[in-house]
Structure formats: C-alpha cells, structure tokens
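Numbering (the working numbering), first residue to last: 95 to 500.
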C-alpha cells in the first residue's frame with residue numbers, strides 16, 4: 095500500500111468541528127472537547143469487489159466473520175465522533191464482562207460488549223487479546239487469565255508455522271543501530287504475497303494508517319493466524335480495547351470512524367430527541383490509493399477520501415492506475431447489508447438510563463457540573479471495577495471549576 099495514503103488521515107482535520115470555539119459553548123465542557131478536536135480521525139476504507147474477491151479474501155474472511163471489514167461503507171459523522179470520544183470509558187461489571195459507556199448531549203449510555211458488537215456488526219465470539227507490541231510473546235503477557243474473555247492462545251511457533259513465515263534478514267538498522275530480530279518479530283515483507291493483501295485490508299480497517307508498517311504487530315499476526323486456522327476472533331473485544339487505548343493517548347488518532355456511524359444511527363433511532371441538526375454527515379469521495387506522494391490535495395477540503403484500491407498488484411509493479419467502477423462496487427458492497435429498520439429491530443433491548451434534558455437557559459455551568467457528578471457517582475455504584483476512568487474525569491471537572499471560581 096502506498097505510504098502516501100497516510101495523508102488521508104491528516105486530511106480529516108479539514109472537517110473536524112471546533113466545538114470548543116462555538117460562541118456561548120460551556121467553558122467547562124470545552125475542556126473535554128479541546129484535546130479531542132485537535133486529533134485526526136481514522137475513518138477506515140471502503141473495499142471494492144476486485145480487491146476482496148481476489149487471493150481468497152472473501153472466502154477466508156467470511157469463514158471467521160471478518161467479512162465485516164470489506165463490507166463497511168459508511169459516511170463520517172465528525173461531531174458524533176467528538177461527542178463519543180470526549181467522555182467514553184471502558185469498564186467491567188462484577189462478572190468481568192466489558193461495558194462501554196459514553197455521554198451524548200447529557201444522555202448517559204452503557205452498552206455491553208455483546209450489544210456493541212451487534213450495533214457495529216462485528217464478531218463477538220472467539221479469541222480475545224489486545225496489545226500494541228510487536229513481539230509475538232506479548233500476546234501471552236496481555237491475555238486475560240480468567241473471566242469471560244480468557245482464551246487459549248496459539249504459541250508464537252504456531253503462528254509462524256501457520257503464516258509460513260520465511261525470514262528474509264535477521265539484521266535490521268533501527269535509529270542508526272544494528273539490531274538482530276528475534277524469531278517472534280515478524281516483518282510484513284516476510285508474509286507470502288497473497289497474505290500481504292489480507293494484512294493490508296485488516297490494517298486499514300482495524301489498526302489504521304501510520305506507524306511501523308513494515309512491522310507485523312502481534313495482534314495483526316494473531317488475526318491472520320485465526321483466518322488461516324479458521325478460528326473465531328473476538329473483534330469487538332479488540333475494538334473496545336483499542337478505543338480505550340486511543341482515548342488515553344493524547345496524540346493517537348480516533349479510530350473506527352465508519353463503524354461509529356452505525357453507532358450514531360442506532361443512538362438516533364433510540365434517542366430521537368438527540369437528533370437536533372448538529373450532526374452533519376461528511377460524504378465520501380472515492381479515490382485511488384496507488385498515487386505518488388506528490389499528489390495534489392482535494393479541492394473540496396470538506397470531504398475525506400478513503401477507499402481501498404483494487405490495483406494492489408499494479409502498485410507492486412509501479413503502476414498508479416485503477417480499475418473498476420466505483421458506483422458498481424458501492425452497490426455490490428451494500429447488497430448484502432440489511433436495511434437499517436430491519437437491523438435495529440433485530441437487536442436486543444439496551445440497558446441505559448434516561449435523563450431529562452434541561453433547556454438551554456438551564457444549562458449553566460453549575461447544573462452541568464451537578465449532572466456530570468451525579469452520573470459519575472451512579473457509574474461508580476453500578477460497576478465495581480473502574481479502569482482508570484471516571485475518577486480522573488471527576489477530578490478534572492472539579493479542578494476546572496476551582497480555577498473558574500478564582
């Protein structure tokens with residue numbers, strides 16, 4: 095994949111709204127939006143038919159329910175993404191099950207991991223592990239040893255054997271120093287040719303652009319292993335853990351832009367009073383990825399480009415052309431997707447708390463602080479195990495008020 099596509103993520107800053115700069119916006123809430131609205135959004139990429147119908151991608155991915163990665167085709171809702179990430183927290187209940195909580199316009203919502211997976215239409219069952227490390231040994235160090243997400247992970251030897259890794263060079267130069275790779279550190283170029291296309295597709299819609307693309311991260315190698323071994327993988331677990339990780343990292347991109355559009359639609363269906371016109375949708379502009387790094391920026395800066403090129407093989411030969419009709423691919427990718435009404439009716443009821451929303455004249459800082467504190471206290475009573483979440487949130491909120499009163 096051309097490294098020039100990394101620029102597609104930074105282009106998202108052209109449409110991320112500066113909520114904190116809206117006249118009359120609460121200075122208290124602005125403190126939570128500012129760190130988020132200065133980041134980039136990892137939108138994900140639309141995959142055309144020519145791409146996912148080649149090299150066994152469609153069949154192998156569908157066997158483990160990873161077809162969700164090449165069937166995703168959604169616009170982006172920047173304001174909803176900001177609202178979501180400004181206060182999202184991942185917690186566990188008394189039985190060890192993950193819960194994801196967030197607030198949309200003072201409406202507090204908690205979803206179980208199962209509900210979250212249903213809404214995003216991603217697999218929930220299977221092997222579950224999360225790490226940002228490169229070395230395959232980190233999988234064993236990161237897995238949960240008990241509870242509902244404990245799984246028996248493959249060994250590094252199993253992963254290397256299933257992926258048919260062929261070591262090309264043990265010596266690497268990293269930061270001007272010669273480094274000898276361990277057997278558990280896999281390079282992307284050590285994958286066989288067809289599997290590199292699998293890796294590209296997963297990285298685009300699960301991990302995002304940027305970083306060390308020549309390294310095959312431990313979790314990505316594990317996903318490839320599950321595809322080859324036809325073992326189910328808990329993608330919902332990975333998504334939630336990565337959301338938690340990105341939220342805590344002040345420089346990380348905000349992941350899963352297209353997938354969060356499905357959450358947006360679900361929330362607006364169940365909370366129609368929240369659909370007050372502030373959530374503008376950014377339409378996609380389909381464009382090829384196999385471009386030179388000197389390509390010119392889009393004339394329409396309000397639209398983002400994210401599509402996976404079907405010309406991966408041509409790119410490897412140095413070509414920057416693209417084949418296929420975008421309109422045809424778009425229709426085909428939506429053909430197997432149920433209507434929104436049918437899909438929403440198939441979901442189980444949500445566990446959520448409803449609150450009366452005050453009028454604009456009532457939304458002063460004291461009331462917002464009181465309501466936020468009430469929600470924090472309720473969450474602490476509802477979940478015994480908090481993972482570094484709402485306590486720091488409450489302290490930050492009180493600190494802002496102390497400074498304001500001075």
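By construction, the Cβ of each residue, glycine as well, lies at the ideal position given by its N, Cα and C atoms. Note that the coordinates shown come from a computational prediction; the quantities given were computed from them, not determined experimentally.
If I measure Cβ to Cβ from residue i and keep anything under 6 Å in the same chain, skipping five residues before and after, which residues do I get?
{"i": "residue 245", "result": "221 and 222"}
{"i": "residue 110", "result": "131 and 172"}
{"i": "residue 182", "result": "196 and 341"}
{"i": "residue 301", "result": "none"}
{"i": "residue 441", "result": "Confidence at residue 441 is low in this model, with a pLDDT of 44, below 50, so the placement of that residue is unreliable and no value is reported for it."}
{"i": "residue 161", "result": "155"}
By a C-beta neighbour count over all protein chains shown, 10 Å radius and 16 as the cutoff for buried, is residue i buried or exposed?
{"i": "residue 340", "result": "buried"}
{"i": "residue 255", "result": "exposed"}
{"i": "residue 417", "result": "Residue placement at residue 417 is flagged as unreliable, the pLDDT there being 34, under the threshold of 50; a coordinate-derived value is accordingly withheld."}
{"i": "residue 351", "result": "buried"}
{"i": "residue 294", "result": "buried"}
{"i": "residue 119", "result": "exposed"}
{"i": "residue 286", "result": "exposed"}
{"i": "residue 212", "result": "buried"}
{"i": "residue 112", "result": "exposed"}
{"i": "residue 280", "result": "buried"}
{"i": "residue 395", "result": "For residue 395, the pLDDT reaches just 34, beneath the cut-off of 50, and the residue's location in the model is therefore unreliable, leaving the point undetermined."}
{"i": "residue 248", "result": "buried"}
{"i": "residue 372", "result": "exposed"}
Whose C-beta lies closer than 7 Å to the C-beta of residue i among residues of the same chain, with five residues either side of it excluded?
{"i": "residue 260", "result": "284"}
{"i": "residue 334", "result": "184, 192, 194, 207 and 210"}
{"i": "residue 369", "result": "362"}
{"i": "residue 344", "result": "129"}
{"i": "residue 168", "result": "352, 355 and 356"}
{"i": "residue 253", "result": "230, 315, 316 and 319"}
{"i": "residue 83", "result": "In the structure displayed, the chain extends from 95 to 500; residue 83 sits before or after that span and is not available."}
Taking Cβ positions, are residue i and residue j nearer each other than 9 Å?
{"i": "residue 202", "j": "residue 357", "result": "no"}
{"i": "residue 242", "j": "residue 179", "result": "no"}
{"i": "residue 291", "j": "residue 148", "result": "yes"}
{"i": "residue 198", "j": "residue 348", "result": "no"}
{"i": "residue 224", "j": "residue 313", "result": "yes"}
{"i": "residue 250", "j": "residue 278", "result": "yes"}
{"i": "residue 138", "j": "residue 166", "result": "yes"}
{"i": "residue 216", "j": "residue 329", "result": "yes"}
{"i": "residue 315", "j": "residue 230", "result": "yes"}
{"i": "residue 163", "j": "residue 155", "result": "yes"}
{"i": "residue 309", "j": "residue 228", "result": "yes"}
{"i": "residue 133", "j": "residue 346", "result": "yes"}
Which residue's Cα is closest to the Cα of residue i: the options?
{"i": "residue 332", "options": "347, 377, 237 and 292", "result": "237"}
{"i": "residue 131", "options": "107, 148 and 370", "result": "107"}
{"i": "residue 307", "options": "282, 299 and 325", "result": "282"}
{"i": "residue 200", "options": "151, 371 and 365", "result": "365"}
{"i": "residue 296", "options": "104, 218 and 140", "result": "140"}
{"i": "residue 299", "options": "214, 177, 377 and 121", "result": "214"}
{"i": "residue 218", "options": "159, 239, 273 and 170", "result": "159"}
{"i": "residue 288", "options": "150, 122, 142 and 105", "result": "150"}
{"i": "residue 374", "options": "189, 157, 170 and 325", "result": "170"}
Tell me, please, whether the CB atom of residue i is closer than 9 Å to any CB atom in chain C?
{"i": "residue 160", "result": "Reference to chain C is not applicable here, since this structure consists of a single protein chain."}
Entirely enclosed alpha helix (DSSP H) segments - the segment 272 to 341, minimum 4 residues = The segment 272 to 341 contains these whole alpha helix (DSSP H) runs: 287 to 296 and 312 to 323.
Any chance you could list the beta strand (DSSP E) runs of at least 3 consecutive residues sitting entirely within the segment 133 to 217, in chain order?
-> Within the segment 133 to 217, the complete beta strand (DSSP E) segments at least 3 residues long are 183 to 186, 192 to 198 and 201 to 206, listed from N- to C-terminus.
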